[in-house]
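Visitor:
Protein chains: 2
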Amino acid sequence: MGGRTETVSPDNDITVDQMYVQYQIPQDAKRHFPVVMIHGCCLSGKSWEETPDGRMGWNTYFVQRNRPTYVVDQVSRARSGFDATVFNQVKAGTLPPSSLPSITQVSHQSSWNIFRFGLTFGQPFTNLQFPIAQVEGLYQQEIPDLNSLLPADNPTYTNLSTLAKSLDGAVLMGHSESGFFPQFSALVDTTKIKGLITLEHNCNVFTDVQIKTLAKIPQLIVFGDFIELFPQWVTANQSCTNYVARIKAAGGDITFIHLPDIGIHGNSHMMMLDKNNLQVADVVLDWIDKHVGKRGGGKQ
Amino acid sequence: MGGRTETVSPDNDITVDQMYVQYQIPQDAKRHFPVVMIHGCCLSGKSWEETPDGRMGWNTYFVQRNRPTYVVDQVSRARSGFDATVFNQVKAGTLPPSSLPSITQVSHQSSWNIFRFGLTFGQPFTNLQFPIAQVEGLYQQEIPDLNSLLPADNPTYTNLSTLAKSLDGAVLMGHSESGFFPQFSALVDTTKIKGLITLEHNCNVFTDVQIKTLAKIPQLIVFGDFIELFPQWVTANQSCTNYVARIKAAGGDITFIHLPDIGIHGNSHMMMLDKNNLQVADVVLDWIDKHVGKRGGGKQ
Chain V
86 MGGRTETVSP
96 DNDITVDQMY
106 VQYQIPQDAK
116 RHFPVVMIHG
126 CCLSGKSWEE
136 TPDGRMGWNT
146 YFVQRNRPTY
156 VVDQVSRARS
166 GFDATVFNQV
176 KAGTLPPSSL
186 PSITQVSHQS
196 SWNIFRFGLT
206 FGQPFTNLQF
216 PIAQVEGLYQ
226 QEIPDLNSLL
236 PADNPTYTNL
246 STLAKSLDGA
256 VLMGHSESGF
266 FPQFSALVDT
276 TKIKGLITLE
286 HNCNVFTDVQ
296 IKTLAKIPQL
306 IVFGDFIELF
316 PQWVTANQSC
326 TNYVARIKAA
336 GGDITFIHLP
346 DIGIHGNSHM
356 MMLDKNNLQV
366 ADVVLDWIDK
376 HVGKRGGGKQ
Chain C
86 MGGRTETVSP
96 DNDITVDQMY
106 VQYQIPQDAK
116 RHFPVVMIHG
126 CCLSGKSWEE
136 TPDGRMGWNT
146 YFVQRNRPTY
156 VVDQVSRARS
166 GFDATVFNQV
176 KAGTLPPSSL
186 PSITQVSHQS
196 SWNIFRFGLT
206 FGQPFTNLQF
216 PIAQVEGLYQ
226 QEIPDLNSLL
236 PADNPTYTNL
246 STLAKSLDGA
256 VLMGHSESGF
266 FPQFSALVDT
276 TKIKGLITLE
286 HNCNVFTDVQ
296 IKTLAKIPQL
306 IVFGDFIELF
316 PQWVTANQSC
326 TNYVARIKAA
336 GGDITFIHLP
346 DIGIHGNSHM
356 MMLDKNNLQV
366 ADVVLDWIDK
376 HVGKRGGGKQ
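Residue numbers (the working numbering), protein chains in the order written: chain V, 86 to 385; chain C, 86 to 385.
1. Quick check: is any heavy atom of the ligand FMN less than 8 angstroms from the C-beta of Q226 (chain V)?
2. Taking the continuous alpha helix (DSSP H) assigned at T170 (chain V), which residues delimit it?
3. On the DSSP bridge list, what partners appear for I123 (chain C)?
4. Just to confirm the assignment: which complete beta strand (DSSP E) runs, minimum length 3, are found wholly within the segment 87 to 145 of chain C?
5. Quick check on V121 (chain C) - is its C-beta less than 9 angstroms from some C-beta in chain D?
6. Is there contact here, the segment 236 to 247 of chain C with the segment 98 to 118 of chain C, by at least three beta-carbon pairs under 8 angstroms?
7. Name the two residues that bound the continuous alpha helix (DSSP H) containing F341 (chain V).
8. Straight-line CA distance for G130 (chain V) to L284 (chain V)?
9. DSSP three-state call for P203 (chain V): helix, strand or coil?
10. I need the boundaries of the beta strand (DSSP E) containing I282 (chain V), first residue and last residue.
11. Under a CB-based cut-off of 9 angstroms, is S251 (chain V) close to chain C?
12. Using CA coordinates, which residue listed in C:A249, C:G139, C:G166 and C:H117 is at the minimum distance from T276 (chain C)?
13. Short of 9 angstroms Cβ to Cβ, which residues in the segment 186 to 217 of chain V face chain C?
14. Taking any Cβ of chain C, which residues in the segment 100 to 131 of chain V have a Cβ under 8 angstroms from it, in chain order?
15. Can you give me the Cβ contacts of A163 (chain C) inside the same chain, cut-off strictly under 6 angstroms, excluding the 5 residues immediately before and after it?
16. From the DSSP output, in three-state form, read off D293 (chain C) for me.
17. Pick helix, strand or coil for T189 (chain V), following the three-state DSSP scheme.
18. Excluding the 5 residues flanking G337 (chain C) on each side, which residues of the same chain have their C-beta closer than 6 angstroms to its C-beta?
19. Identify which residue in V:I188, V:Y328, V:K384 and V:T205 has its Cα closest to the Cα of Q194 (chain V).
20. If you run the structure through DSSP and keep just helix, strand and coil, what is L42 (chain V)?
21. Tell me which residues share the same chain as D158 (chain C) and place their Cβ nearer than 6 angstroms to its Cβ, disregarding the 5 neighbours each side in the sequence.
22. Look up K250 (chain C) in the DSSP assignment and say whether it is helix, strand or coil.
23. Report yes or no: is there a C-beta of chain V within less than 9 angstroms of the C-beta of F88 (chain C)?
24. Distance cutoff 9 angstroms, beta carbons only. Does I339 (chain V) sit that close to anything in chain C?
25. Could you give the residue range of the alpha helix (DSSP H) that holds G222 (chain V)?
26. Taking just the CA atoms, how far does E221 (chain C) sit from M355 (chain C)?
27. In chain V, which residues lie less than 9 angstroms from F265 (chain C) when you measure between Cβ atoms?
28. For I347 (chain C), does the count of other Cβ atoms within 10 angstroms reach 16, so buried, or fall short, so exposed?
29. In the DSSP assignment, what residue or residues form a beta bridge with K379 (chain V)?
30. Please state the DSSP three-state secondary structure of D230 (chain C).
31. Can you name the residues of chain C whose CB is closer than 9 angstroms to the CB of K176 (chain V)?
32. Please decide whether F147 (chain C) counts as near chain V, where near means a Cβ-Cβ distance under 9 angstroms.
33. Going along chain C in order, which residues have a C-beta closer than 9 angstroms to the C-beta of V93 (chain V)?
34. Given a cut-off of 9 angstroms, decide if S353 (chain V) and F200 (chain V) are closer than it, judged by their beta-carbon atoms.
35. Is M122 (chain C) closer than 9 angstroms to T145 (chain C) when the C-beta atoms are compared?
36. What residues in the segment 227 to 240 of chain C bring their beta carbon closer than 7 angstroms to a beta carbon of chain V?
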């Protein structure tokens, strides 16, 4: 969906900024709103599918729980493609090499730190929920991130808000890099965005006007375990604490869950792939039922 | 699946050459072999999903016909990712711009010619089966093709033969750029490859030894309509006529179908998206039933 036409040479137009969407609609959706799932840095929609150790992913589980699911690949990633024009211009010598975007490839070693598998590469936390014996399956999911090609006004934001409208209402759920894509999409247009779910993100600072807009939509923020052991995650957690306070002050309905505080321990940053991933999914689904409800009203 | 570890800097390893595979297994597969679907140039596994005008794609239809389906993204494309190391080296100035691969982006205009929508851009054939009013949906599927990054021994070949083994038998189906990937995979290892299906490809020339190996596996080659109006497609068609003759001379079971010859008219190069796509799928399924059969034997 989405996208725009770009002319790369006379009589040669290409389509860029489009967004791939994969969907499943259960036979009996019981008036549940669709859930749109957006992956993080250096990953694709694959994050929501089967886990590295072959268990059910959130995509399938949400469908089993009667939720229509829409799994996207971010613009400039995976099946959404990217605009390769600048690469070909640098190769042809019409642009300098400095024009190339920085492409992020997360290494195995960085994954351990960013995804909180352990303090030292190769030494997982003893109570880690990530299926670390099959970590190679995660490495296979890690692909180049070309988001630096995109303008500050990331086309994914508009595509997501357009998707919510085309679905006549949807809950948007982002993870990590895309953790606040739901919020940025709502700032493009709140119409038909019924809930914002943020899984582990460094919460952005918004203006009072933006906070007022965002406070109109129910929001959930979830963090896993081991946060206190990683400075960057302590910072992220604090930024979200601040964000939550501002949304509450603006009268918003926002829930901040640190999983260990509700008795769920050992979760990595990749909670949708962890061994207890369905338990975490239930936390999200329960929040949707209580704070978003169904088409035509009716919260639990 | 697949892939290898590449060290990009001290203490920074990444996984490259892996292949994303998306699968659906029907509840009652009735001993049918899985069908592995491989997309063409500048496209992704999306080719086999819903059509641009919102009809059922081959992925879903084959499942409805009780076939387990495995839709892959080629190595270096879409959810399989690619090795971005050379791009970052050129940006850093450690490699010259000429080191960059040529990235293929198919334009709207080229699509009309290559995919045989019409002789002139914007003027479709009157009996064209492609849903041309929704052609923008195809343009959205067209993404950069980085295959020039890959070695001649494309890692997708080995990944496909490994996949066939892991499935204990599979039919491989390629389209266009990947039309002979099934054959190249069989040349890596014929084990468990039960059938080779080629949808519109410029058939490669093999050695007699290779032909002898390939002749052991049932093969189907399919071409659509309007071939005679495009010199490159006349050449492709002729190359396959030659290939078929050699396989037959080696005692192989090979079927060459020009759809208009069996009364199916108007098909573009994107026959899996055409308005009569399920009729074409039936031709393929019928061939599988008659020439490949089921697990434990039993051809129709």
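Beta carbons are placed, not taken as given, at the ideal position from N, Cα and C, and that holds for glycine. Being a predicted model, the structure only gives us computed values, none of them experimental.
Guide: A quick look at the data gives this:
1. The ligand content of the structure shown is nil, which means the ligand FMN is not present either.
2. T170 to A177
3. Assignment of beta-bridge partners to I123 (chain C) by DSSP yields C:V157 and C:G259.
4. Here the runs fully enclosed are 87 to 94, 97 to 103, 105 to 109 and 120 to 123.
5. Among the protein chains of the structure shown, namely V and C, there is no chain D.
6. yes
7. No alpha helix (DSSP H) contains F341 (chain V), which is instead part of the beta strand (DSSP E) from I339 to H343.
8. Whole-angstrom Cα-Cα distance: 15 angstroms.
9. For the sequence presented, residue 203 (chain V) should be read as Gly rather than Pro. In this structure, G203 (chain V) counts as coil in the three-state DSSP scheme.
10. I278 to L284 is the span of the beta strand (DSSP E), which, as asked, contains I282 (chain V).
11. Chain C, which has no Cβ nearer than 9 angstroms to the Cβ of S251 (chain V), makes this no.
12. Put simply, of C:A249, C:G139, C:G166 and C:H117 the residue whose alpha carbon is nearest the alpha carbon of T276 (chain C) is C:A249.
13. P186, S187, I188, T189, Q190, V191, S192, H193, Q194, S195 and F206
14. Near chain C, meaning a CB-to-CB distance below 8 angstroms, the residues of the segment 100 to 131 of chain V are T100, Q103, Y105, Q107, S129, G130 and K131.
15. S129
16. helix
17. strand
18. A300
19. V:T205
20. Only positions 86 to 385 of chain V appear in this structure, which leaves residue 42 (chain V) out of reach.
21. Y105, S129, G130, R164 and S165
22. Three-state result, K250 (chain C): helix.
23. Looking at the sequence itself, residue 88 (chain C) is Gly, so the reference to Phe does not match. At least one chain V Cβ lies under 9 angstroms of G88 (chain C).
24. no
25. V220 to Q226
26. 14 angstroms
27. Residues of chain V passing the Cβ test: none, with the nearest at roughly 23 angstroms.
28. exposed
29. Its beta-bridge partners are V:H117.
30. Here D230 (chain C) sits in strand by DSSP.
31. V175, P182, S183, S184, L185, P186, S187 and I188
32. Against chain V, the CB of F147 (chain C) has no partner CB under 9 angstroms away; the residue lies outside that interface.
33. Q190 and S192
34. yes
35. no
36. E227, I228 and P229
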